[in-house]
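Trainee:
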């Protein structure tokens, strides 16, 4: 309501009450003004009312919501279903233009403002997590793997003759597939075992560079956040090598923003060497639905170039989700989530340790992995690991989601490449094991329930490790 | 509510009333059962209540909503904001798995069912529009251009040595960019002028195939729906050529589903020749927000292969939007929208004709284009076309969105390729012109407002064609 | 967003696009300004977006939504559940103050404005229906019967010695109970039969006035909308009598606003005689949930006095529902509903006539009732009417709601008063019959389904009228 | 989804995943079953998803949502606006029938079940607060004052000759007005001063009974929760007197449920004497919007009789709000709110004490009032109290809502009765004072902000107590 309208309200309600309302409105507008002016993640989170007020204001600025608009184009952002209109706050034009996913659309000023502010807040939050020298980033409505494809395709345009991607092995399909999908050839760098931990084989990387020649290598794709017993890659050393040989370096930082260890590693890597882009998942770091990623980097131009490779407009949904979530949390809310995660990591560690101990197992010593942890699983008489992996199913049927149980012995072929013991990041990890992660949003209750159920399952597996459980979930007592 | 609960309701409310409610419930369940059983687009649309009931039921089946679930993985689909949870009906796990965007996720049975049904209904609706022999399709949460990239990257895996894409010129950036982004080299086939219409130069295509050799050509990318005065490509002839030379054929069918002419063309092309995949926009054909596409084809396996190239899970948002929209419309509702569009096309045609006539212009005779139409614009004393293109701005400031005004004379460079007279699909189209489209959802009121405002603008432009309007929008009388 | 914010948006998006958005916003604000300024029902309905924008703006002006507000009173309109907050648009303070339900609250400027505008639009819509000389009205969040209690209690304060209410019999419990609840004594005026129709016995009224004396009569409570075969009361004659004897006159106009015949009757009654207040149901006239009424009248002060008798603040829910509904419909939308209802009345009449004819029954000639209609039911061998009334149950189990089947012979006692043949408005109506109404919002499909099912039921009843159907609903073929 | 549908899901998604979903669903159904079976407030609160699932299930059972229903009555619960339908979860039939607000409706099994469960949970929550011997209660969609009217009108039907209501003075308009509106004559019992506290004058009550005679007294209306310095009435003594003289006793327990002191008082009163009904506000005790009350009592039949006096169906909105809120909180959530309130009361007490001390004032010693507290205000040179009451306005403009500032000297006339020093519950309270309450939902932040602003205001008032602040709100530093 503008001032003229508020003036008219005085005819209905005494001035003094209107004045109060006007001041309240001014407070809402003040935080909105701050946001539009500075595009910073606000320190304190907003209430839902203010967030929705802003979303509604932005929707008003999109042409599909103009009263009296007539659309005679092929794409006018009409809605056939009011349920759909409502869930998107009537923002239908998506983000970006055919030329560039980060530019504004004439037909959608509101959506464009939302996109710009979201990208700006995303950069702020990346800095908050510790990557202080980040220079540019944008939200892209594709998953991490596809975002990595975009990064590689952009590099490919600049280095048309390069065809290899050096890839320290990480047994997660989508990052491997991203190389294949980009039409490139992965050069798998097997990890080396250090104690219980699997770490980057820097020597092998150097050898491969030597062997293939700098020109033929499109980039090294390293991984920052990963499952134990693998550790984050030796990012500083890789980025140093990349700089020395002028080889681009892409970091898969899927859920690394939530750990200061990971972000510190990235920040250091950028300081001492070369990192062209790093990619993180929206859902894994910000508790929004699956389907978006942030592509970020330390060179403004290169990130802009990636933005220009996405052909066509794109879904605004992940941006809207991040926009709402970041405004709702504020810097302090997000920081609190990060702090809680750290606490939960320690809590999970000691709980796992105690549980392992009780069953004659031990916690793997993977001190460099700040998110995922593992314990050994040593079932007698389980030569091919079937009973061991059954533990995973038993946990699943007991409503424990997210554990991974790995028993050596299985080969897996992905796009024609065969991986020995796929899942363990290694051809010959010495133990069978189970991992669990302390990810953002985890509660103490999650840990307690997990340990409780794990103990029941271990008890059962250990006592009757020669017959498989086949029939679903037991009643919890 | 199950039967035990309903039985208990009898203690609160007389049996007879409960019986009525149970029967009503059974009716809802019956339509849901039909849907799950047959995965067909229902003939009649559902009311919002039934749609939301089903969405809520599906959400219950996703692990993030399990009461008592404990999540110890990296991705547990937690929601930080209840606004976000609500707008996604608490479905947070996205669709697909790292290996394949069309497979089910263990953690998300509900989302997986939704995805499967949506893809199945999408196939149904493609058949309904006239492409009866379609064999497979899936919704992909990327825009049309990016979906074309996926198609080409998949072909690239199968034809690693091919690097050219034969591309009958269509002046729309994202389809051109899709070739570049895929790391391929576009071979531009200029259109030929037939009367007012721009049509595929079949001879040039044959020559190029001769010249480059079949092996080096990844595919021909043709375009079905496009702006006048370009006509849809000669799909039958192209597909025949493709079959003869064993060259893959990808059709950009962006908004072609809404026209029986376009779908007939595609159906015929598949019958007489080779069409590997055709891609259509969700928003342009189904009035949902920007950001999704359907990749479809006549060979089940090839479409499955494309599904396997998307690395990682993907956003469910476009699938959910299509799911809601198709259920809400039903086959009869969608058919009605198609029929209305056809009527509007005819209505727009006669209105444009009359308007053109009034101002000494004429409607372009582009009889093969069933969606977009144009009229000539001949302003005197406008050597470089500035006053002519100003007409577009004047319409824009008068809340007319979607017109395109083209005056020859401007070159545009996209990714290093220079296009003469970009926008006109031709190096030397003989007229300046304005186009408007009759797209799905257009109303009679849209046409009337458009013509009314167009006439005002033409009146102004023609009378004072030597001074540019600079100051925004006039008041409508 | 205010101008300063919009100015800042220019940094993110080009001025021209912002300008468009600003103009669109101005259009929304314009209609809001018109509403606040003139408090008139808008001619054209608003879209949901504008309605929700305004509701959100109003909520911002209520103290419970003030950022930084601290509440140290007993009633601060906090919300324990966000579901509840959301469904009330965060408006929690209700309407009115302890002294007067129509006054503004210091803590809730937004709710107060909403209440004032709703009451003002309600008056507008009453005029639109034909009661042009209405002078005052307000929405009260109680059902019609309770609203009648408030009217009578207000009269009682002014006429403390009066204790009788003259009440032309209408067999609907809540209006009778309203007299009892108000602590008054009903004087039942039996109707007289004129042809098939039951009409007000004016002679009996005059006699009773004579007998009891003017002073002892609190008011006459007449009824305007009613079930056939009763006709609306002879309002003109009653109001004339009331004026002559200075007896207050309250009209139960429950669903009378939807019929021009009823509103004409009321308007005439007010012109020629005395009508102190007339009460109408919100849900029956405006398709909102049950629970609100409008108390209206031709004397501003008396209506204000009624407003002052409601002790305490009251629920805003019915006002919010009416506010949304009236804005959504606009005058033209409401007029259209009225017109459709009239058509449906005629359509139902001819369908009932044909159906009656087919089964040897006849349509009751109740030409003065513009909403409800009836047909005779003459089952042979049904001395106590059981089989006849069974027809109602059979229709109910076939998902026909709202019919009334009346067979003479049953006495009913309400609050100590015994009514012969309760339901038929008469001690001795000559026929058994079934009624159906053409109420606002009825569709042609409603009529068709009804007649179809009625015929099936009649067929069954007539053929086997000597055994009762007991087991629920049959399958519709 | 029923079992047949779930079986069909297996065709889309592996059995194991479906099984998980089915188990999750069973958990939801289990809590729903428990609720329907036992109608108890659940111990733990439900999540929003389960609440909305149940609301949607209930809506399915109302006839207006029956697929294929045809409505031919006057009231078919159609919705004109989808916004309205949505906010009421498509429940439109209200609660109750014309005969009785607590009975079920044939057309609305779902709404009826909701109403029954809500009333049952309401009784549970009353017991939880400490009134263990309550026997019956129901939610009525009117404010506390109007609910008191209903109680008195019901008594009036039973005691037609009684006309007086003995009313220990409480300076809150709506309870006084409730007597007037009910057509009764209030007999005001002035309070007596004990220390700083105003307490019931039992002697005066006995005298009045003597004077007026038992037969002529309809009831005593006492007050349990009230503003300091008044204490809750001496309920035990009043109820003893009532029992002795067979005089009905109605207790205004507006916000008394939130204090164990108040509920203990009521419970004791019922144990030792006579309490016919006690009425509490929904919004003041349960943080829902204004507009509903619970009428409760210790005699099942009498409460049923009150339910029968409400003529007509009634709004379901307050019942739905309470239903959602109670399910959302659960017994433990509500208990937690009660505990927090108690803590806040103590916290506010010490903060007020300290503040008073600082400014040479003192906290009133009102040890019997467990909710509201006061401090003296002694401004020099303020003979008519204007500067003192200005303190209230100054707080209001500083976004402090809910304080009451009372300075003696003003008379107020309500419905013809003049009250000396209205607001202070006494003709001659010795001090000017300010009160604040610790009501349910108050946070520590509320108290801190309040004290902070109060100190600023007192500083200003005390320093310049001879000129009035006129110009609105100052900026908070």
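Chains as they are written, first to last, in UniProt numbering: chain E, 1 to 477; chain R, 1 to 477; chain L, 1 to 477; chain H, 1 to 477. Ideal Cβ placement from N, Cα and C applies to all residues, glycine included.
For the beta strand (DSSP E) containing residue 417 of chain H, name the first residue and the last one.
Mentor: Sequence index remark: in the fourth chain, residue 417 of chain H carries index 417 (1-based). Element bounds for residue 417 of chain H: 417–420.
Trainee: Among the residues of its own chain, which have a CB less than 8 angstroms from the CB of residue 40 of chain E, if the five just before and after it don't count?
Mentor: Taking the first residue of the first chain as 1, we reach residue 40 of chain E at position 40. Only 34, 120, 121, 124 meet the Cβ criterion.
Trainee: Okay, do the region 259–278 of chain L and the region 87–96 of chain L touch, 3+ Cβ pairs below 8 angstroms being the bar?
Mentor: Output reads no: the region 87–96 of chain L does not touch the region 259–278 of chain L.
Trainee: What separation, rounded to the nearest whole angstrom, lies between the Cα atoms of residue 100 of chain E and residue 297 of chain E?
Mentor: Position 100 of the first chain holds residue 100 of chain E. Position 297 of the first chain holds residue 297 of chain E. Straight-line Cα distance between these residues: approximately 17 angstroms.
Trainee: Please decide whether residue 287 of chain E counts as near chain R, where near means a Cβ-Cβ distance under 9 angstroms.
Mentor: The residue you call residue 287 of chain E lines up with position 287 of the first chain. So, interface residue.
Trainee: Applying the 10 Å Cβ sphere with the 16-neighbour rule, what's the burial state of residue 11 of chain L?
Mentor: Counting from 1 along the third chain, the entry for residue 11 of chain L is found at position 11. Exposed, since its Cβ has fewer than 16 Cβ neighbours within 10 Å.
Trainee: List the residues of chain R whose Cβ lies closer than 7 angstroms to the Cβ of residue 17 of chain E, in chain order.
Mentor: Stepping through the first chain from its first residue, residue 17 of chain E is reached at position 17. Chain R residues near residue 17 of chain E: none, gap ~29 angstroms exceeds 7 angstroms.
Trainee: How should residue 234 of chain R be labelled, buried or exposed, when 16 other C-beta atoms within 10 angstroms of its C-beta is the threshold for buried?
Mentor: Counting from one through the second chain, the residue named residue 234 of chain R turns up at place 234. By the neighbour-count rule (16 or more Cβ atoms within 10 Å), residue 234 of chain R is buried.
Trainee: With distances taken Cα to Cα, identify the nearest neighbour of residue 478 of chain L among L/146, L/184, L/238, L/177.
Mentor: This structure cannot speak to residue 478 of chain L, because chain L is shown only from 1 to 477.
Trainee: Residue 294 of chain R and residue 165 of chain R look like a contact to me (Cβ under 8 angstroms); what is the Cβ gap, rounded to whole Å?
Mentor: Numbered from its first residue, the second chain carries residue 294 of chain R at position 294. Numbered from its first residue, the second chain carries residue 165 of chain R at position 165. Wrong, their Cβ atoms sit about 21 angstroms apart, outside the cutoff.
Trainee: Counting only the same chain and skipping the five closest in sequence on each side, list residues whose C-beta sits under 8 angstroms from that of residue 236 of chain E.
Mentor: Within the first chain, the letter at position 236 stands for residue 236 of chain E. These residues qualify, in order along the chain: 265, 268, 269, 272, 273.
Trainee: Which stretch, first to last residue, makes up the alpha helix (DSSP H) that contains residue 390 of chain L?
Mentor: As a first step, residue 390 of chain L must be located in the third chain, where it is residue number 390. Taken as a continuous stretch (DSSP letters only), the alpha helix (DSSP H) holding residue 390 of chain L covers 386–397.
Trainee: Measure how close the beta-carbons of residue 402 of chain R and residue 437 of chain R come, nearest whole angstrom, since I'm counting them as under 8 angstroms.
Mentor: Against the second chain, residue 402 of chain R aligns to sequence position 402. Against the second chain, residue 437 of chain R aligns to sequence position 437. At roughly 7 angstroms, the Cβ-Cβ gap stays under 8 angstroms, so residue 402 of chain R and residue 437 of chain R are in contact.
Trainee: Where do the N-terminal and C-terminal ends of the alpha helix (DSSP H) with residue 224 of chain R fall, by residue?
Mentor: Counting from one through the second chain, the residue named residue 224 of chain R turns up at place 224. Per DSSP, residue 224 of chain R belongs to no alpha helix (DSSP H) and is neither H nor E.
Trainee: Could you give the uninterrupted runs of the alpha helix (DSSP H) lying entirely in the region 131–193 of chain R, keeping only those of 4 residues or more?
Mentor: As far as the region 131–193 of chain R is concerned, its whole alpha helix (DSSP H) runs of at least 4 residues are 144–158, 173–181.
Trainee: Using only the alpha-carbon positions, how far apart do residue 77 of chain R and residue 284 of chain E sit?
Mentor: Walking along the second chain from the start, residue 77 of chain R turns up at place 77. Walking along the first chain from the start, residue 284 of chain E turns up at place 284. Taking the straight line joining both Cα atoms gives about 8 angstroms.
Trainee: In the DSSP assignment, what are the bridge partners of residue 81 of chain L?
Mentor: Taking the third chain and counting its residues from 1, one reaches residue 81 of chain L at position 81. Its beta-bridge partners do not exist; DSSP assigns none.
Trainee: Using only the alpha-carbon positions, how far apart do residue 429 of chain R and residue 193 of chain R sit?
Mentor: Taking the first residue of the second chain as 1, we reach residue 429 of chain R at position 429. Taking the first residue of the second chain as 1, we reach residue 193 of chain R at position 193. Their Cα atoms are separated by approximately 8 angstroms.
Trainee: Chain L partners of residue 321 of chain H, CB-CB under 7 angstroms?
Mentor: For the purposes of this step, residue 321 of chain H is taken as the residue at position 321 of the fourth chain. Those are 84, listed as they occur along chain L.
Trainee: Determine the chain H residues that contact residue 358 of chain L at a beta-carbon separation under 7 angstroms, and present them in chain order.
Mentor: Taking the first residue of the third chain as 1, we reach residue 358 of chain L at position 358. The premise fails here: residue 358 of chain L is roughly 18 angstroms from chain H at the closest Cβ pair, so nothing lies under 7 angstroms.
Trainee: Give me, in chain order, the residues of the same chain whose beta-carbon lies closer than 6 angstroms to that of residue 478 of chain E; leave out the 5 immediate sequence neighbours on both sides.
Mentor: Residue coverage of chain E in this structure runs from 1 to 477, which leaves residue 478 of chain E outside it and unanswerable.
Trainee: Report, in whole angstroms, the separation of the C-beta atoms of residue 404 of chain R and residue 385 of chain R, which I expect to be a contact under 8 angstroms.
Mentor: Here the question's residue 404 of chain R lines up with position 404 in the second chain. Here the question's residue 385 of chain R lines up with position 385 in the second chain. No, residue 404 of chain R and residue 385 of chain R are not in contact; Cβ-Cβ is about 13 angstroms, not under 8 angstroms.
Trainee: So that I know if they touch, is there some Cβ in chain H lying closer than 9 angstroms to that of residue 210 of chain E?
Mentor: Taking the first chain and counting its residues from 1, the one referred to as residue 210 of chain E is at position 210. No, because no Cβ of chain H sits closer than 9 angstroms to the Cβ of residue 210 of chain E.
Trainee: Going along the region 242–270 of chain L in order, which residues come within less than 8 angstroms of chain A, judged by CB to CB distance?
Mentor: Absent from the structure is chain A; the protein chains it does hold are E, R, L and H.
Trainee: Compare the C-beta of residue 376 of chain H with all C-beta atoms of chain E and state if any pair is closer than 9 angstroms.
Mentor: The residue you call residue 376 of chain H lines up with position 376 of the fourth chain. Not an interface residue.
Trainee: Does any C-beta atom of chain R lie closer than 9 angstroms to the C-beta of residue 70 of chain H?
Mentor: Position 70 of the fourth chain, counting from 1, holds the residue named residue 70 of chain H. Chain R, which has no Cβ nearer than 9 angstroms to the Cβ of residue 70 of chain H, makes this no.
Trainee: Please check if any C-beta of chain H sits within less than 9 angstroms of the C-beta of residue 47 of chain R.
Mentor: Against the second chain, residue 47 of chain R aligns to sequence position 47. It does; some Cβ of chain H falls within 9 angstroms.
Trainee: Report yes or no: do the region 240–249 of chain L and the region 448–458 of chain L share at least 3 C-beta pairs separated by less than 8 angstroms?
Mentor: No, the region 240–249 of chain L is not in contact with the region 448–458 of chain L.
Trainee: Measure the C-alpha to C-alpha separation of residue 45 of chain L and residue 323 of chain L and round it to an integer number of angstroms.
Mentor: As a first step, residue 45 of chain L is located in the third chain; it is residue number 45 there, counting from the start. As a first step, residue 323 of chain L is located in the third chain; it is residue number 323 there, counting from the start. If I take the Cα positions, the gap works out to 12 angstroms.
Trainee: May I ask you to list, following chain order, the residues of the region 24–43 of chain R that have a beta carbon less than 7 angstroms from some beta carbon of chain H?
Mentor: Against chain H - using a Cβ distance shorter than 7 angstroms - the residues of the region 24–43 of chain R are 24, 25, 27, 28, 29, 32, 33, 36, 37.
Trainee: Any C-beta of chain H sitting closer than 9 angstroms to the C-beta of residue 151 of chain L?
Mentor: Reading the third chain from its first residue, position 151 is the one you call residue 151 of chain L. Residue 151 of chain L does not count as touching chain H.
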